[in-house]
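Only one structure is covered here, and it is reproduced in the block below.
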Amino acid sequence: MTRALSLISVFVRVSVQNFAAYRFEFFVRMFVSVGHLLAELLAVQTIFKNTPEIRGWQKEHMLVLVGVFRMIAGGIRMVIVPNMRRVMEDIRNGTLDYVLLKPLDAQFHVSIREFVIWRVTDLVLGGSLAIYGSYLTLHTVPFDKFILFILMMVAAFTIVYAIWLALAAICFWLIRLENIEMLFWNVFEAGRFPVQIYPAWLQTGLTYIFPLAFIVTFPAASLLGISGKGITPTMPAIAFLVGLIAIILASMLFRIGLRRYAGASA
Amino acid sequence: MMAAMRALGAHLRAHLAVMMQYRGEVLLWSVWGIVNPAVLYAMWSAAAESSGSHEIASYDRAGLAAYFLVMMIVGHATGAWDVYQMGHFVRTGVLSPMLLHPVLPMWRSLAENIAYKVVTLMFVIPIWIGFAWLVGPAFKATAWEYLLGTIALFLGAALAYLLSYAISLIAFWAPKLDALGEIYFALCMFLGGRFVPIAALPDSIAGLARVMPFRWMYQFPTELLIGGRVGFRDTLIGLGLQIVWLTFSFVLFRTLWFAGLKRYTAVSG
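Protein chains in written order, with this note's numbering: chain A, 433 to 698; chain B, 66 to 334.
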């Protein structure tokens, strides 16, 4: 465990150094992050100009959801996307050999090689917006809700990581499919809004088949602490269970795929 | 011009073959153009339920279904991605070999664009039909509106392609501006009526949308094809303004292209 942590810290340090070499980039990127957020706020403004609420979600609630969506989208692009894109490329090019040569668990190693540090802005901006929306709703941010929210976010990132790992593992079979990640982005798009807007059959699908509800809607609802948005006291437990199942299945798929991998010479 | 047309034909055949080869990938890209309007339909129809009048910008549920269904089709016809790529082309010099061809690189990109849209039709048409069956859209268009709407759709697609290509040329001056594509996309989304009919936007943004070119690419052909929304006089004015903006985009393209090329030699030198 300490070895794993120290390895992660080494890779993070390298990423920070790379990032520090291009500081001007950071300001450009921050401008882009703020732009994204403004566009999302304009969307919220437009929605609630036309209606007081959508399926029980009012404007302040939606601010929390937008904030959570930005945090998840930013977190994915900070840690998951750079690493998973690289492993997919390694599988296609045969350069995964270099990973397999290292005395380290392959799945662990491919998951921590790169971090896009400036994406922290998404976490900070999104987090601030979520807290602000929660404050507008409840006039305080209760400590227990906050802890619940953190737990739900941990579960959400676990699920997202598992989905991406599974997509990367699929590359062992479908080597030619270069933009397989579009599978994720196409469904993730549906998470911009609470799952309650969808018809019941689709809600079920987005909860248990592709657990988008656990990735965006439920973490947002947990910070609001409002029942009737699919959040029950047992929800964090279910979220962790879904995360656990997802990660076990994804690692299994990755390991089976790894056995198919024939290296650069193939 | 003849040479350009022959080149377009040759590039078109080549790109059709490439697209067929990579149909799996192409399918995954094209699905996004379905998901986004479908999600927006779900959201706005849910919003209409609690809006008092049960309408959004005078569209009821079935009206919204028609709006976002047609927007899928219009979005497919107007898709263009040069504005995302040009920065990369300029920065890495990928543009250089393209400049050696006896015709403008735009013809090659146009051929790729058309090939993509033709090949992906076979995936998206069944999904459009499925979506229509699921949501039950209400159409009121007469034969005339279908005819003029189809003309407006093609003019809008031409305008979307040419204007976004012209804007992509900003890359000659700012090759590292990766956000250019995203900014352009956001403008189309809000000012074009892809997110919601313009009348539903906050007043200041709606005012801006009315004087910008984007509504003529998206909302105008969409509303014509739904029918009963645009009067005959407004239709003619709209078609006229599409041509005005198309001419504007052409002039903008010519100006930026030749000014940019002078800079480009300096960049790569």
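Even glycine gets a Cβ: it sits at the ideal position worked out from N, Cα and C.
Identify each residue in the stretch 129-161 of chain B for which the Cβ-Cβ distance to at least one residue of chain A is less than 8 Å, and report them in chain order. none
Cutoff 6 Å; reference residue 514 (chain A); Cβ partners in own chain excluding five residues on either side: 546 and 548
With a threshold of 8 Å between beta-carbons, can residue 251 (chain B) be considered close to chain A, or not? yes
Chain-ordered residues of the stretch 89-103 of chain B with a beta carbon less than 7 Å from chain A: 89, 90, 93, 94, 96, 97, 100 and 101
Between residue 20 (chain B) and chain A, is there a C-beta pair that is closer than 8 Å? The shown model of chain B, from 66 to 334, leaves out residue 20 (chain B), and the question about it has no answer.
Can you give the Cα-Cα distance for residue 201 (chain B) and residue 141 (chain B), rounded to whole angstroms? 20 Å
Euclidean distance between Cα positions of residue 497 (chain A) and residue 540 (chain A): 31 Å
Check each residue of the stretch 105-121 of chain B: if its Cβ is closer than 7 Å to any Cβ of chain A, include it; give the result in chain order. 107, 108, 111, 112, 115, 116 and 121
Is residue 615 (chain A) close to chain B? Criterion is C-beta to C-beta, closer than 8 Å. yes
DSSP three-state call for residue 489 (chain A): helix, strand or coil? strand
According to DSSP, residues forming a beta bridge with residue 124 (chain B): B:121
By the criterion of Cβ-Cβ separation under 7 Å, what are the contact partners of residue 490 (chain A) in chain B? In chain order: nothing, as chain B lies at least about 10 Å away.
Taking 8 Å as the threshold, find out whether the stretch 207-227 of chain B comes into contact with the stretch 286-300 of chain B through three or more Cβ pairs. yes
May I have the straight-line CA-CA distance separating residue 481 (chain A) from residue 458 (chain A), to the nearest angstrom? 34 Å
By the 10 Å Cβ neighbour count, where 16 or more other Cβ atoms means buried, how is residue 67 (chain B) classified, buried or exposed? exposed
Secondary structure of residue 529 (chain A), DSSP reduced to three states: helix
State the start and end residues of the unbroken alpha helix (DSSP H) segment that holds residue 92 (chain B). 88-114
Return the chain-ordered list of same chain residues with a C-beta closer than 8 Å to the C-beta of residue 103 (chain B), the five sequence neighbours on each side being excluded. 133, 137 and 196
Distance cutoff 8 Å, beta carbons only. Does residue 333 (chain B) sit that close to anything in chain A? Because the pLDDT at residue 333 (chain B) is just 49, under 50, the model does not fix this residue reliably, and the point stays unresolved.
Counting only Cβ pairs nearer than 9 Å, list the residues of chain B close to residue 505 (chain A). What residue 505 (chain A) touches in chain B: nothing, since even the nearest Cβ is about 13 Å away.
Taking only three categories from DSSP, how would you classify residue 514 (chain A)? helix
Alpha-carbon to alpha-carbon, residue 130 (chain B) and residue 71 (chain B): 41 Å
Validate contact between the stretch 236-248 of chain B and the stretch 172-179 of chain B using beta carbons, cut 8 Å, 3 pairs: no
Output needed for residue 522 (chain A): all residues of its chain with C-beta closer than 7 Å, excluding positions within five of it in sequence on either side, in chain order. 528 and 531
Measuring alpha carbon to alpha carbon, tell me which of B:263, B:199, B:242 and B:167 ends up nearest residue 148 (chain B). B:242
Unbroken stretches of the alpha helix (DSSP H), 4 residues or longer, contained in the stretch 276-301 of chain B: 279-282 and 284-291
Given that residue 471 (chain A) touches chain B, what residues does it touch there, using C-beta distances under 8 Å? 251, 254 and 255
So within the stretch 614-666 of chain A, which uninterrupted alpha helix (DSSP H) runs reach at least 4 residues, ignoring any that extend past its ends? 614-620, 632-636 and 650-656
In three-state terms, what does DSSP make of residue 334 (chain B)? Note that residue 334 (chain B) has pLDDT 43, beneath the 50 cutoff, so the model's placement of it is unreliable and no number is given.
Taking the alpha helix (DSSP H) that residue 191 (chain B) falls in, what are its first and last residues? 170-200
List the residues of chain B that residue 495 (chain A) touches, going by C-beta distances under 8 Å, in chain order. In chain order: nothing, as chain B lies at least about 16 Å away.
Does the Cβ of residue 571 (chain A) have 16 or more other Cβ atoms within 10 Å, making it buried, or fewer, making it exposed? exposed
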